[in-house]
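The structure appears below as C-alpha cells.
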C-alpha cells in the first residue's frame, strides 16, 4: 500500500510540474514628465493565465515593439493603456489572436490585452489596471501579466490628457502627432527582459533593446468592423411587486447590426422607452418591450430593413422583434437564455447587457403572454395599468456615451458597484520572482525540469530503501520460528 501511494504521489508531483506554464519577466523604463530620469517597473507574464495572450506578449517583447511608444490613454483610477506605434508603418504588423478564457481577476496591477466589442480581436494594445476592475472579468478581458515591482511608477504615469488623444491620428501619424499635441504623455524608453520556464523548457534568453507599437485590425467574421460605433445606455427599471428600482447597463454595437443600431439610437434619444412596460415575458426565453406608454406615439418610427445576423442570440443579447422580413420598428427583446435557434430566423442581435443581468432576470413574468398587443397599441399604459399592474416598467433610459469601436478598446468603469460573488481569483504564482537589479543584467533561470525529476526520483528511492531496511530489521529470523 505504501509503495502504491508513494508512486501515485510521485506521478502527481511530476504531472503538476509538467502542467506549470512559462514565466516572462520584463523591466520597462518610462519617462514621466515629472521626473528628470527614466523610472522602471517590472512585469511578469504567466503562460497558464492566458496562453494565446502570453505568446503574443512574448512576440511583442522579443520584437522590441513597445520602445518609443506612448501610454496614450490614462483614465485616473481605472486604466493606463498603450500599444499604438511610434512609427505608424508598424501599425498592421500583428493580426488579431484568439481569445483566452478568463481565469483571474483584473485586479490593481494586472495587465490585460485590450479588445474591441468583437470576439478574437486582441492585437497589441495592453492596459494596466490602476484599481480592481473586476467588472472587466465578465466581459472577456483575460489577465496575462502583473506588475511585480514599481507599481508606484505606474501610478505616476501622466493622466493629464485623459482620453483626448485621437487613436485614429495616433495610428496615422504616430509619435509625430503625440509629440506635437500631447508632449507630456509618458513614454516607454527602454525595456529589458528575462524569459524563463517553470519546467521542461530549454529555451531561455536575456537581452536589452528597443520596441515599437501596433494598430488594431478589425476585419474578421467575414466582414470588416472598422470605423464603427458603440453606445452605452442605462435602463432604470421599476418592479411593481416590491417597489424596487434597479439599473441595467447595455451596450449596442453598430458592427453587429448597422440599421438596428441606428434605430436603437433614435429611440433612445427620443425617450421612446420611458414609462414603457415589459409586456411579454417568458421565463427561460425572452423579455419583450417596445410599445410606448403613450399610444399616440406608436407609429412614430417606420419599419427598417433587416440586418444580416452576425452575432448569436445568446443569453443577455438584445434583438429587435419583427413580424417578417424588413418589419422591425421599435419592439425589442432580451434573451433570457441561449436562443441560438433564433439566428436562422433572421433575428440580428444589436446589443447586450453589460451589467445587471440579475435585474433582468427579476422582470415580472407572472402574466406571460396574456397582455394583448392590439390593446396596448390602442390604449397604451392605461390598459396595462388596469389589467396587468405588476408588469415591470422602464422608468427612464439615459444614453451614457457613444464612441468609435476602434478607439475605445477598454470599456469605461460601470455606473454602480459590481457583484463580487461570481468572480474568480487570479491564481497564485508558483515560482518565486527573481528581483531585477538596476544596472545589472536580468537574471535568467536555467531549465530545472530534469533536475527536479532527478530529485523526486532520488527522494522516492531513499524512502523506499529506508522502509525496506526497517522491515528487514523488525522481521524475526527463520531459525527462531523453527525452534
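Residue numbers (mature numbering (1 follows the signal peptide of the UniProt record, and there is no 0)): -20 to -1, 1 to 463.
Just so you know, even glycine gets a beta-carbon here, dropped at the ideal spot from N, CA and C.
Item to check | Top-ranked residue by Cα proximity to residue 264, from 315, 249, 32, 66 | outcome: 315
Checklist entry - What span of residues does the alpha helix (DSSP H) with residue 146 cover, start to end? => result That residue, residue 146, is in no alpha helix (DSSP H); it is neither H nor E in DSSP.
Item to check | Residue nearest to residue 373 in terms of C-alpha spacing, selected from 104, 108, 140, 255 | outcome: 255
Checklist entry - By how many angstroms is the C-alpha of residue 366 removed from the C-alpha of residue 352? => result 13 Å
Checklist entry - Of all the options 16, 15, 34, which has the alpha carbon lying nearest to the alpha carbon of residue 6? => result 34
Item to check | Cutoff 8 Å; reference residue 305; Cβ partners in own chain excluding five residues on either side | outcome: 286, 326
Checklist entry - Distance, Cα to Cα, residue 53 vs residue 248? => result 29 Å
Next on the checklist: Just to confirm the assignment, what range does the alpha helix (DSSP H) spanning residue 156 have?
Outcome noted: 155 to 161
Item to check | Simplified DSSP state of residue 82, which is helix, strand or coil | outcome: coil
Next on the checklist: If we require 3 or more residues per run, which beta strand (DSSP E) segments fall completely within the region 222 to 268?
Outcome noted: 224 to 233, 260 to 262
Checklist entry - Hey, residue 127 and residue 23: beta-carbon distance below 8 Å or not? => result yes
Item to check | Cross-strand partners of residue 383 (DSSP beta bridge) | outcome: 210
Checklist entry - Based on Cα-Cα distance, which residue from 345, 436, 19 lies nearest to residue 129? => result 19
Next on the checklist: Taking 8 Å as the threshold (C-beta atoms), are residue 298 and residue 332 in contact?
Outcome noted: yes
Next on the checklist: Assuming the contact rule is C-beta atoms closer than 8 Å, residue 214 and residue 377 should be a hit. Round their C-beta distance to whole Å, please.
Outcome noted: 7 Å
Checklist entry - Under the rule that 16 or more other beta-carbon atoms within 10 Å means buried, what is residue 2, buried or exposed? => result buried
Next on the checklist: Please report the distance separating the alpha-carbon of residue 101 from that of residue 49.
Outcome noted: 21 Å
Checklist entry - Just the Cα atoms here: how many angstroms apart are residue 64 and residue 140? => result 19 Å
Checklist entry - How many angstroms separate the CA atom of residue 295 from the CA atom of residue 317? => result 4 Å
Checklist entry - DSSP on residue 182, reduced to helix/strand/coil? => result Annotation note: pLDDT 30 at residue 182 (below 50); position unreliable, no value reported.
Next on the checklist: My output table needs one value for residue 342: the three-state DSSP class, helix, strand or coil.
Outcome noted: coil
Next on the checklist: At the level of alpha carbons, what is the spacing between residue 229 and residue 336?
Outcome noted: 6 Å
Checklist entry - Quick one: what's got a C-beta closer than 8 Å to residue 449's C-beta in the same chain, skipping five residues either side? => result none
Next on the checklist: Does residue 235 pass the burial test, meaning 16 or more other C-beta atoms within 10 Å, or should it be called exposed?
Outcome noted: buried
Checklist entry - Does DSSP put residue 407 in a helix, a strand or coil? => result With a pLDDT of only 34 at residue 407, under 50, the local geometry of the prediction cannot be trusted, and the value read off the model is given with reservation. Coil, per DSSP.
Checklist entry - When the Cβ atoms of the region 25 to 32 are set against those of the region 77 to 85, are three or more pairs found closer than 8 Å? => result yes
Checklist entry - From which residue to which residue does the beta strand (DSSP E) around residue 126 run? => result 123 to 129
Checklist entry - Do you know how far the Cα of residue 104 is from the Cα of residue 66? => result 13 Å
Item to check | Residue environment, residue 396, which counts as buried when at least 16 other CB atoms sit within 10 Å | outcome: Low local confidence applies: a pLDDT of 45 at residue 396 is under 50, so the model's placement there is unreliable, and no value is given.
Item to check | Contact check, residue 10 vs residue 169, beta carbons under 8 Å | outcome: yes
Checklist entry - Under 8 Å between the Cβ atoms of residue 268 and residue 381? => result no
Checklist entry - From 76, 86, 243, pick the residue whose C-alpha is nearest to that of residue 281; which is it? => result 243
Checklist entry - What number of angstroms, rounded off, separates the C-alpha of residue 201 from the C-alpha of residue 99? => result In this prediction, residue 201 scores a pLDDT of 31, lower than 50, which makes its location untrustworthy; no coordinate-derived value is stated.
Item to check | Three-state secondary structure assigned by DSSP to residue 137 | outcome: coil
Item to check | Three-state class that DSSP yields for residue 16 in the structure shown | outcome: coil
Next on the checklist: Quick check on this structure: which residue in 379, 356, 292 has the alpha carbon closest to the alpha carbon of residue 371?
Outcome noted: 356
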